[in-house]
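Visitor:
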Amino acid sequence: MGSSCQLTLLAKSELAPDARREHRINANSFQQDALTTFSGWQYACFYAHKDADSDVLLVSLARRPVGGSLGSWETLTFADYEQTADDGHNTISIGVCAGDGSIHVSFDHHCDPLHYRMSVQGVATNPAAHQWTPSLFSPTHNQLPGYTRTGQLGIEKLFLETTYPRFLRVDDDLLLSYRIGIAGAGSDHLFRYSSKTQSYSYVGQFLTGVKNNPYINGISYAGGRIHVSGTYRGFVWYEGVDDPEARLHTVQAGPNGPENNHNLFYVNSDDGGKTFNNTRGERLANLELGETVFPDGEDLIVFDIPMNSGILNQEAQAADGDGGFHVLNRENESSKDRESVRERMRGA
Numbered sequence: 001m002g003s004s005c006q007l008t009l010l011a012k013s014e015l016a017p018d019a020r021r022e023h024r025i026n027a028n029s030f031q032q033d034a035l036t037t038f039s040g041w042q043y044a045c046f047y048a049h050k051d052a053d054s055d056v057l058l059v060s061l062a063r064r065p066v067g068g069s070l071g072s073w074e075t076l077t078f079a080d081y082e083q084t085a086d087d088g089h090n091t092i093s094i095g096v097c098a099g100d101g102s103i104h105v106s107f108d109h110h111c112d113p114l115h116y117r118m119s120v121q122g123v124a125t126n127p128a129a130h131q132w133t134p135s136l137f138s139p140t141h142n143q144l145p146g147y148t149r150t151g152q153l154g155i156e157k158l159f160l161e162t163t164y165p166r167f168l169r170v171d172d173d174l175l176l177s178y179r180i181g182i183a184g185a186g187s188d189h190l191f192r193y194s195s196k197t198q199s200y201s202y203v204g205q206f207l208t209g210v211k212n213n214p215y216i217n218g219i220s221y222a223g224g225r226i227h228v229s230g231t232y233r234g235f236v237w238y239e240g241v242d243d244p245e246a247r248l249h250t251v252q253a254g255p256n257g258p259e260n261n262h263n264l265f266y267v268n269s270d271d272g273g274k275t276f277n278n279t280r281g282e283r284l285a286n287l288e289l290g291e292t293v294f295p296d297g298e299d300l301i302v303f304d305i306p307m308n309s310g311i312l313n314q315e316a317q318a319a320d321g322d323g324g325f326h327v328l329n330r331e332n333e334s335s336k337d338r339e340s341v342r343e344r345m346r347g348a
């Protein structure tokens, strides 16, 4: 695909030396987000080595002003949590709640108990009034703040098998989604943080896998609409899959690998994630009624793409200010790997 657009490097800065790991754990495509900007300040999350000779990593957060000119990075590091698994899934994601100025971080999961911290209110809405230190943040929690209801899975299940946390600002509140379950056999869940109550509520299981699992490209919000796209990965049975103590699912490749990815799906929500519709605007699920989006939902699939087509999961998507939606998708066409941009234009 040709283009006349050009990128110009405005500035370059270094946050920290990259982690010495076989599997990349910083700056992966499925972090939402590794870098985010709010109210004239930029925030980054990454792992840094505990010391020069250690393989142990520590969660680090950095901030800088980005109004007229780029400021210098300030970095804080949490010394009370050590990341040791050499697993590229176990990234960090950061989100900012616009309504109360709190900063939220979730990290180090691959079908693991939730790891979550949040700041005091006002840090992002009045950065200059808050010294950038770990004391701004809570300890690491294994449950979301304020969450007391058991939900449809039970409170223990909701926080035990976390993978791929993603934050999304929706007006004054903040959404959090993550997968529960293993590759090829998981589902995506949605929570909402209220800036008024400083607590989370469970919205529901919005994408359900059936002998597969959805891999989303992201969750975007523009013009009052939430957009979600992705692919499905078919499940392949393997010895030990039913053993709750087994960790075979944490290998970087295996029987449930990207060769089983297929199709491109799309859903949207105009009410903050309570209900989800297909591309024709037809209702697929009302989460308040306990419904969910199944893989065979009417007009859920917007492109039929067979397995073994070279599709990678968790690529990229973006919603523009004019109501359009865009997906970057990789697949093998005529034995050649190609990048494709698929678009849903305004009003479609």
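full-length UniProt numbering puts the sequence shown at residues 1 to 348.
Every residue gets a Cβ at the ideal spot worked out from N, C-alpha and C, and that includes glycine.
1. Mind checking who ASP112 pairs with in its DSSP beta bridge?
2. Given that a residue counts as buried once 16 or more other Cβ atoms are within 10 Å of its Cβ, and exposed if not, what is LEU284?
3. Just to check my reading of the structure: LYS50 and GLU82 have Cβ atoms closer than 8 Å, yes? What is that Cβ distance to the nearest angstrom?
4. Do the CB positions of LEU160 and PHE167 come within less than 7 Å of each other?
5. Could you tell me the boundaries of the beta strand (DSSP E) in which VAL228 lies?
6. What does a CB cutoff of less than 6 Å around TRP41 pick up in its chain, not counting 5 residues either side in sequence?
7. Would you mind stating whether ASN256 and GLY204 have Cβ atoms separated by less than 7 Å?
8. Between residue 350 and ILE226, is the Cβ-Cβ spacing less than 7 Å?
9. The beta strand (DSSP E) with SER201 in it runs from where to where?
10. Taking 7 Å as the limit between beta carbons, can you name the residues of its chain near PHE294, skipping five residues before and five after?
11. Which whole-angstrom value is the C-beta distance of TYR266 and SER229, which I expect to be below 8 Å?
12. List the DSSP bridge partners of TYR147.
13. Grouping DSSP H, G and I as helix and E and B as strand, with all else coil, what is SER135?
14. For HIS189, report the span of its beta strand (DSSP E) as first-last.
15. Out of ALA27, ASP188, GLU259, SER102, point me to the one whose CA is closest to LYS196's CA.
16. Looking at the strands, I want to know which residues DSSP matches up with ILE301.
17. Smallest Cα separation from GLU331: which of THR84, SER69, ARG24, LEU312?
18. Mapping the DSSP letters down to three states, classify ALA128 as helix, strand or coil.
19. Note down the Cα distance separating PHE320 from SER29, rounded to an integer number of angstroms.
20. Please report the Cβ distance between ASN263 and ARG233, rounded to the nearest whole angstrom; I am assuming they are in contact, meaning their Cβ atoms lie under 8 Å.
21. Buried or exposed for SER72, please, with buried defined as at least 16 other CB atoms from any protein chain shown within 10 angstroms of its CB.
22. Checking 7 Å against the spacing of the C-beta atoms, do SER119 and PHE107 come in under that value?
23. Within 10 Å of its beta-carbon, does THR8 have 16 or more other beta-carbons around it, so buried, or fewer, so exposed?
24. Just curious, the beta strand (DSSP E) that ASN277 is in, first and last residue?
25. Could you name the residues of the same chain whose beta carbon sits closer than 7 Å to that of GLN143, not counting the 5 residues immediately before and after it, in chain order?
26. From what residue to what residue does the beta strand (DSSP E) around GLU82 run?
27. Mind checking GLN131: buried by the 16 CB within 10 Å criterion, or exposed?
Guide: In short:
1. Within the DSSP secondary-structure output, ASP112 pairs in a beta bridge with THR162.
2. Taking a 10 Å sphere around the C-beta of LEU284, we find 16 or more other C-beta atoms and assign the residue as buried.
3. Rounded, the Cβ-Cβ distance is 7 Å, consistent with contact.
4. No. Outside cutoff.
5. 225-234 is the span of the beta strand (DSSP E), which, as asked, contains VAL228.
6. Closer than 6 Å at the Cβ level, and outside the excluded window around TRP41, lie ARG63, PRO65, PRO127.
7. For ASN256 and GLY204, no; Cβs fall outside 7 Å.
8. The structure shown does not extend to residue 350, since the chain is modelled only from 1 through 348, so no value can be given for it.
9. Following the DSSP letters along the chain, one finds SER201 inside the beta strand (DSSP E) bounded by residues 199-207.
10. The answer, listed in chain order, is THR208, VAL210.
11. The beta-carbon separation of TYR266 and SER229, rounded to 5 Å, stays under the 8 Å limit for a contact.
12. Beta-bridge partners of TYR147 (DSSP): none assigned.
13. Three-state result, SER135: helix.
14. It spans 185-194 - the beta strand (DSSP E) in which HIS189 sits, taken as one unbroken run.
15. Nearest option by C-alpha distance: SER102.
16. According to DSSP, which records beta bridges pairwise, ILE301 is partnered with PHE265.
17. Looking at the Cα atoms, LEU312 is the closest of the given residues.
18. Collapsing the DSSP output to three states places ALA128 in a helix.
19. A quick correction: the sequence has Asp, not Phe, at residue 320. If you take the alpha carbons of ASP320 and SER29, they lie about 19 Å apart.
20. Rounded to the nearest angstrom, the Cβ distance from ASN263 to ARG233 is 10 Å, too far for a contact under 8 Å.
21. Counting Cβ neighbours within 10 Å, SER72 comes out exposed, since fewer than 16 surround it.
22. Cβ atoms of SER119 and PHE107: not closer than 7 Å.
23. Answer is exposed; the Cβ neighbour count stays below 16.
24. If you look at ASN277, you'll find it in the beta strand (DSSP E) that goes 275-277.
25. Excluding sequence neighbours, GLN143 sits near LEU114, PHE159.
26. From DSSP, the beta strand (DSSP E) with GLU82 extends over 74-83.
27. Label assigned to GLN131: exposed.
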